[in-house]
Amino acid sequence: MFADTAAGKLMPPYVVYKAERLYDRWCTGGPPGACHNRRKSGWFDGPTFMEWFETMVVPWAKKIQGVKVIIGDNLSSHLNIEILKTCQKLNIRFVFCLQTQPTSYNHWMWNFLDP
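Mapping the sequence shown onto UniProt numbering, position 23 (from 1) lands on 23, and the numbers just tick up by one.
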C-alpha cells in the first residue's frame with residue numbers, strides 16, 4: 001500500500017505478500033521505513049490494515065498539530081472501532097468516500113487526479 005500526504009510527502013510502502021510465512025530476504029534492500037507483512041490471500045484484511053495504520057499513520061499523525069484527514073475507500077477492513085477511536089484521540093478525520101468499484105467505474109477520478 002502506498003499513501004501520501006497533502007503536503008506531497010510519500011509515506012514508506014507497506015508490502016503484503018501472498019505467502020504462508022514472511023522471509024527475511026523479502027524485507028531487506030527496500031525503501032527506508034518500508035514495512036512488510038504476509039497473508040495467505042495476499043490481500044489487506046482487518047488485522048493487516050490495523051498494523052498499517054499503527055505503524056504508518058499513527059507516527060505521522062503524532063508529529064502534526066491540528067486536524068488531519070485520511071481518505072479511504074469503503075473496504076470493510078478499514079471500518080474498525082479501534083482505528084476510529086485512535087483517529088478521535090489523534091484528531092484525525094477518517095473520510096470513507098471512494099466506492100469499492102472496479103477502476104473502470106472510477107476512470108473520471110483517476111483522470112482528474114493524474115491529468
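We put the CB at the ideal spot given by N, CA and C, even for glycine.
**Prompt:** Which residue's Cα is closest to the Cα of K85: A34, R21, E54, D4?
**Reply:** The residue given as residue 85 occupies position 85 in the sequence shown. For K85, the nearest C-alpha among the options comes from E54.
**Request:** Might you give, ordered along the chain, the residues of its own chain that have their beta carbon closer than 7 angstroms to the beta carbon of K40, omitting 5 neighbours on each side?
**Result:** The residue given as residue 40 occupies position 40 in the sequence shown. So the qualifying residues of the chain are E20.
**Message:** Any contact between the region 25–41 and the region 70–80? By contact I mean 3 or more CB pairs, one from each, below 8 angstroms.
**Reply:** no
**Pair within 7 angstroms by beta-carbon distance, M11 and M56** = As a first step, residue 11 must be located in the sequence shown, where it is residue number 11. As a first step, residue 56 must be located in the sequence shown, where it is residue number 56. In contact: M11 and M56 (Cβ atoms closer than 7 angstroms).
**Nearest-angstrom Cα separation, counted from G66 out to R37** = Reading the sequence shown from its first residue, position 37 is the one you call residue 37. Reading the sequence shown from its first residue, position 66 is the one you call residue 66. Arg is not the amino acid found at residue 37; the sequence shown has Asn there. Cα to Cα, N37 sits roughly 31 angstroms from G66.
**Prompt:** So, helix, strand or coil for residue 134, using DSSP?
**Reply:** One cannot answer for residue 134 here, as it falls past the ends of the chain, which runs 1 to 115.
**Request:** Round the Cβ separation of K18 and G42 to the nearest angstrom and send it over; I've been treating them as touching at under 8 angstroms.
**Result:** Here residue 18 refers to the residue found at position 18 of the sequence shown. Here residue 42 refers to the residue found at position 42 of the sequence shown. That belief holds up - the Cβ atoms of K18 and G42 are roughly 3 angstroms apart, short of 8 angstroms.
**Asked** By Cβ distance below 6 angstroms, which residues in the same chain neighbour E82 in space, the five residues on each side in sequence not counted?
**Response** As a first step, residue 82 must be located in the sequence shown, where it is residue number 82. Hits under 6 angstroms: none found.
**Prompt:** Is F44 helix, strand or coil when you go by DSSP?
**Reply:** Position 44 of the sequence shown holds residue 44. F44: coil per DSSP, three-state reduction.
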